[in-house]
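Peer 1: So the sequences go chain by chain: A and B.
For what it's worth, this note's numbering labels the leading residue of the first sequence as 1, then goes sequentially.
For what it's worth, this note's numbering labels the leading residue of the second sequence as 507, then goes sequentially.
C-beta: ideal position from N, C-alpha, C; glycine also.
Protein chains: 2
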Amino acid sequence: MLIQLDRTKPLAFQIQRHLERLIRQEHLAPGVKLPATRELARDLGVNRATVAVAYERLVAEGLARAHVGQGTFVAPERRAGPRTVSPEPPLSMDWSGLFSKASNAIAADARRRQFLSQAGCATRGVISFADGMPDASLFPTEAFRQVLNRVVKREGPALLQYSPVSGYPPLRRFLAAYLLRQGVEARPEEILIVNGSQQGFDLITRTLLDPGDFVAIEQPTYPQAMQTFRSLGAQLLPVPMGPEGLSLDHLERLLERHAPKLLYCQPNAHNPTGLTLDAATRGDLLALASRHRLPIVEDGFDHGLYYDDPPAAPLAAGDRRGLVIFIGTFSKVLFPGLRLGWIVAPRPLLERLEAAKQLSDIHTSPLIQAAIFHFCQGRFLDRHLARLRDEYGRRRKLLLSALERHLPRSVRWTIPHGGFTLFCWLPEGVDAGALLQRALERGVAFTPGSVFYADGEGAHSLRLSFSSVSVSRVEEGVRRLGEVIREALRRPPRRVEVDRAAVPLV
Amino acid sequence: MLIQLDRTKPLAFQIQRHLERLIRQEHLAPGVKLPATRELARDLGVNRATVAVAYERLVAEGLARAHVGQGTFVAPERRAGPRTVSPEPPLSMDWSGLFSKASNAIAADARRRQFLSQAGCATRGVISFADGMPDASLFPTEAFRQVLNRVVKREGPALLQYSPVSGYPPLRRFLAAYLLRQGVEARPEEILIVNGSQQGFDLITRTLLDPGDFVAIEQPTYPQAMQTFRSLGAQLLPVPMGPEGLSLDHLERLLERHAPKLLYCQPNAHNPTGLTLDAATRGDLLALASRHRLPIVEDGFDHGLYYDDPPAAPLAAGDRRGLVIFIGTFSKVLFPGLRLGWIVAPRPLLERLEAAKQLSDIHTSPLIQAAIFHFCQGRFLDRHLARLRDEYGRRRKLLLSALERHLPRSVRWTIPHGGFTLFCWLPEGVDAGALLQRALERGVAFTPGSVFYADGEGAHSLRLSFSSVSVSRVEEGVRRLGEVIREALRRPPRRVEVDRAAVPLV
């Protein structure tokens, strides 16, 4: 720590005032340990007792606490007296004109879709169907801890060192075999390990898209994928997706008119609708793409996380022309926090994706890759998937039957085949953004559908997620939702701006 | 697994041939477990005995091995008979015309800098001064394992769930205090956790640079930073850096002529030279940048990893105008394989970097962040740094004295103040790329200097890294190098194309 000291004036006082400022401005945050008195005295060239005096005064002021034998720490909370925050020093550098076009595009998109803090939803009493994330209470944490611990013991130094960009070889080999069980024939060298599917979108976007390129998407679709394509200036071509699925006729007309660079789709467990394409439609889609030489980015929500019947084989399984890029992730079936996913692509493209990955962050942590490999290898994954199908399946069933009981007949919704969510269409005239305000007051949350639309549509739709709502609260949540919708049908709430909408992360 | 079966023909034979092809084409890699006979029989709608027959034939052919009670596995090596690889099916999709400008820029840069596989250097007998990575044998692996294990036990589910983009709050608070010890005043909310400094370069590039923008760099400098700036079409403006450091006069002329968008520099432990800017030059650089409102990207190789005297405070410590963006990393002082680093920037910029990070990969693994936080919190880091200074310091000293003894007087080199490397200038006429060919034959490796230059210069320079060469081999390695240089001085080797040069990763 560097403190400018005036040697002609009391030193302890100067040190005290300097630290006071750092604590009040939170450069030194609550709970942080102050430097040892010996160390700071040496750094400043003062007597150790001088530092000790400064520290004692901070303790007396309630800004710090001394723990015998451990040192002095910034006080955890500062209740003593009103907190005076010094004004931030003026920034003479004005960054606003310096941002790139890509950064401005991201910011403009973000303004349109104000993110709701996760905490907002979890406030007391609110039953939230807005969180599309898996339920952490179902994580196989203890089994993973044991595998992780064993992996560090056995392969520690190698897993903590730099390693090849393409990924941990045993994991790539495992994935090749794992994909084969779904019908996808991929050699290990056609697989690139990435930090979750989001990095997959990002690398594909950077490798294939230039500003002005067209990208066909299902509509509604996953917002972060749209944002990624848009951040590099791509233009989105929405293909409508109703309760019955994707309209291939519409897609064909778009292909003829705009020749998009690629199609992004989620044939399994589509987010937000939960729909899964049947085998025949998959075949037709592939044939259409093949005729138009249209690359397809297939976002493969895990094949094993389905309800009722298993899904048809991925598009990648039927691809004989090398035009499907498959993205997979462990985020939904295991742990989103590990950020682990993969891309399958033909070698000429995969080489370019590897080069982009190398410049993005060199490689994904081999420690995490090795832990997941050993975890999956040991059959844990299969057993865990069966448990997830069971548990999420129960929540889904409850939600569907509650919707039947409590929602007006004029509301339609999808029957999800997989994933964590379903999608509802409200009667015309009921705006989901405005509805959310009332719903939150009544203690229930959802995601307004417009965030899943590229073109500002979707105002009278919403997404319900059943992954994070415990079985005991589903019924009550839907009852509240039904009440709010009925009320809105009687006297429609004033439509609010879309940018007020509260949107969760996934 | 999906196998198209013709029900009118022998089924076991068809299954056997299908699996044979998958194994020979490595869709099923050596060591991979085949599906359980019961499972495959169900998938294919055949009798279990039929699958068992197919497996037995694969075993008989030497393509698989049966382990009683465990199942059937693809054979680890296939020595029996010549391996017949079926030709790859033709790819009807031609990707070559579909790549983005950014991807083509990356590929063009990569062709100029052919990467040497790490294995290439580690071949028997070659003493390699080419690897700029830390020595894995110095990793505090066991201590880290214990911390990691404890962290999963205590905070498991929360660390495996989605979490905020900005980073694990206790780590951001720790870093604020850690940076303060170096004189940098940063609030936790001015710190963004990223996947190593490479992701820092990437996010800054995407947030601040558009095609055609100028970026001033030290020359020589870190190749992957140059490649990142170039991948988005930025033009590099090299500022020469000799044995005495950076030329500020040259920089000032560039600022006047081209008004670059930013300066990238490494004031501590500069890679490749190992030089560290003195306090006076730092002050002058900051004043110059301030006059020109030039943002500086300060790549802060860890402050604690120095030899002889500790370095002056980072540029960020003296920055009163909010124009320094500081990048830090745990890759050199702890574990590169964890991919953990951070960016410090003024809030208006940091908000944009967070948005870019969110679209890149949502967030960095909180599990790894928490483990590193607890590791550093427990004073392990300080003790470990002292050990590293000691050990790398010994290797550096040995290398410097060996250079004095074995290298011709016409070779000049830098005296590194920190980091893992030093830089040598050979006499004019000795081309380092050509020299490397002879050096490898003689059992010593280095990195040709031209890869650290933006403009094709640097042909008669080279980088020596002392981080991965054990004390016992330094002397012999330098002796061989001296011999090769002397020989080249007598009869200069024919200059080879730069793209033949062998370049390590870091």
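To the nearest angstrom, report how far apart Leu-5/A and Gln-16/A are at their CA atoms.
Peer 2: Taking the straight line joining both Cα atoms gives about 11 Å.
Peer 1: CB-CB under 6 Å to Ala-279/A, same chain, minus the five flanking residues each way: which ones, in chain order?
Peer 2: Cβ within range, chain order: Ala-312.
Peer 1: Residues of chain B with CB closer than 9 Å to the CB of Glu-185/A, please, in chain order.
Peer 2: Within 9 Å Cβ-Cβ: Leu-528, Gln-531, His-533.
Peer 1: DSSP on Leu-236/A, reduced to helix/strand/coil?
Peer 2: In this structure, Leu-236/A counts as strand in the three-state DSSP scheme.
Peer 1: Buried or exposed, going by whether 16 or more other CB atoms sit within 10 Å of the CB of Leu-913/B?
Peer 2: By the neighbour-count rule (16 or more Cβ atoms within 10 Å), Leu-913/B is buried.
Peer 1: Could you say which of Glu-562/B, Gly-935/B, Cys-930/B, Gln-704/B lies nearest to Lys-838/B if we only look at CA atoms?
Peer 2: For the residues Glu-562/B, Gly-935/B, Cys-930/B, Gln-704/B, the minimum Cα distance to Lys-838/B belongs to Gln-704/B.
Peer 1: Are the beta-carbon atoms belonging to Val-803/B and Leu-768/B less than 7 Å from one another?
Peer 2: Contact: yes.
Peer 1: Could you pull the start and end residues of the alpha helix (DSSP H) that Arg-57/A belongs to?
Peer 2: Element bounds for Arg-57/A: 48-60.
Peer 1: Indicate the three-state DSSP secondary structure (helix, strand or coil) for Gly-939/B in the structure shown.
Peer 2: Helix at Gly-939/B.
Peer 1: Go through its chain and collect everything with a Cβ distance to Ser-737/B's Cβ below 6 Å, but skip five positions before and after it.
Peer 2: For Ser-737/B, where only same-chain residues beyond five positions count, the Cβ hits under 6 Å are Ala-608, Ala-611, Ile-612.
Peer 1: With respect to the beta strand (DSSP E) encompassing Asp-299/A, which residues constitute its N-terminal and C-terminal limits?
Peer 2: Asp-299/A -> beta strand (DSSP E) spans 296-299.
Peer 1: What does DSSP give as the partner residue(s) for Trp-848/B in the beta ladder?
Peer 2: According to DSSP, Trp-848/B bridges with Ile-699/B, Gly-834/B.
Peer 1: Does the Cβ-Cβ distance between Ser-163/A and His-374/A come in under 7 Å?
Peer 2: Cβ distance not < 7 Å, so Ser-163/A and His-374/A don't count as in contact.
Peer 1: Using a Cβ cut-off of 7 Å, pull out every chain A residue sitting near Asn-655/B, in sequence order please.
Peer 2: Going along chain A in sequence order, the residues near Asn-655/B (Cβ under 7 Å) are Arg-145, Asn-149.
Peer 1: Within the same chain, show all residues whose beta-carbon is closer than 8 Å to that of Leu-644/B, passing over the 5 residues directly before and after it, in chain order.
Peer 2: Arg-893, Leu-894, Glu-897.
Peer 1: At a Cβ threshold of 7 Å, is His-524/B touching chain A?
Peer 2: Judged by the 7 Å Cβ criterion, His-524/B is not in contact with chain A.
Peer 1: Within the continuous beta strand (DSSP E) that includes Ile-509/A, where are the two ends?
Peer 2: Any question about residue 509/A goes unanswered here, given that chain A covers just 1 to 506.
Peer 1: Just by C-beta distance, which residues in the segment 365-379 of chain A are closer than 7 Å to chain B?
Peer 2: So the list reads Ser-365, Pro-366, Leu-367, Ile-368, given in the order they occur along the chain.
Peer 1: Three-state secondary structure (DSSP) at Glu-218/A?
Peer 2: Strand.
Peer 1: Helix, strand or coil: which one does DSSP assign to Ser-461/A?
Peer 2: Three-state result, Ser-461/A: strand.
Peer 1: Just to confirm before moving on: does the CB-CB distance between Leu-550/B and Ala-877/B stay below 7 Å?
Peer 2: For Leu-550/B and Ala-877/B, no; Cβs fall outside 7 Å.
Peer 1: Per DSSP, what are the beta-bridge partners of Val-74/A in this structure?
Peer 2: Note: Val-74/A sits in a beta bridge opposite Ala-64/A.
Peer 1: Taking the alpha-carbon of Ser-796/B as reference, which of Asp-814/B, Gln-772/B, His-776/B, Ala-822/B has the nearest alpha-carbon?
Peer 2: Of the listed residues, the one whose Cα sits closest to Ser-796/B is Ala-822/B.
Peer 1: For the beta strand (DSSP E) containing Phe-423/A, name the first residue and the last one.
Peer 2: From DSSP, the beta strand (DSSP E) with Phe-423/A extends over 421-425.
Peer 1: Report the option in Gln-182/A, Leu-236/A, Leu-40/A whose CA atom is closest to the CA atom of His-303/A.
Peer 2: Checking every option, the nearest Cα to that of His-303/A belongs to Gln-182/A.
Peer 1: Pick from Met-93/A, Gly-318/A, Phe-301/A: whose alpha carbon is nearest that of Gly-419/A?
Peer 2: Taking only the C-alpha atoms, the option nearest Gly-419/A is Phe-301/A.
Peer 1: Would you mind stating whether Val-344/A and Ile-191/A have Cβ atoms separated by less than 7 Å?
Peer 2: Cβ atoms of Val-344/A and Ile-191/A: closer than 7 Å.
Peer 1: Determine whether the Cβ of Asn-195/A lies closer than 7 Å to any Cβ atom of chain B.
Peer 2: Yes, Asn-195/A counts as interfacial toward chain B.
Peer 1: Taking a contact to mean a Cβ-Cβ separation below 7 Å, would you say Val-126/A touches Gly-322/A in this structure?
Peer 2: The answer is no: Cβ separation not under 7 Å.
Peer 1: Give me, in chain order, the residues of the same chain whose beta-carbon lies closer than 8 Å to that of Tyr-812/B; leave out the 5 immediate sequence neighbours on both sides.
Peer 2: Here the set comprises Asn-774, Ala-775, Thr-782, Arg-895, His-923, Gly-924.
Peer 1: Flag Arg-282/A as yes if its beta-carbon sits less than 7 Å from any beta-carbon of chain B, otherwise no.
Peer 2: Taking Cβ atoms only, chain B never reaches closer than 7 Å to Arg-282/A, which makes this a no.
Peer 1: Please classify Pro-582/B as buried or exposed, where buried requires at least 16 neighbouring CB atoms within 10 angstroms.
Peer 2: With fewer than 16 Cβ atoms within 10 Å of its Cβ, Pro-582/B is classed as exposed.
Peer 1: Take Ser-753/B and list the residues in its own chain whose beta-carbon comes closer than 8 Å to its own, dropping the five residues that flank it on each side.
Peer 2: Correct list, in chain order: Val-745, Pro-746, Met-747.
Peer 1: Mapping DSSP to helix, strand and coil, what is Ser-128/A?
Peer 2: In this structure, Ser-128/A counts as strand in the three-state DSSP scheme.
Peer 1: When Cβ atoms are compared, which residues of the segment 318-340 of chain A fall closer than 7 Å to chain B?
Peer 2: Answer set for the segment 318-340 of chain A: Arg-321, Gly-322, Leu-323, Phe-335, Pro-336, Gly-337, Leu-338, Arg-339.
Peer 1: Check whether the segment 953-962 of chain B and the segment 927-939 of chain B touch, using three or more Cβ-Cβ pairs below 8 Å as the test.
Peer 2: These segments touch.
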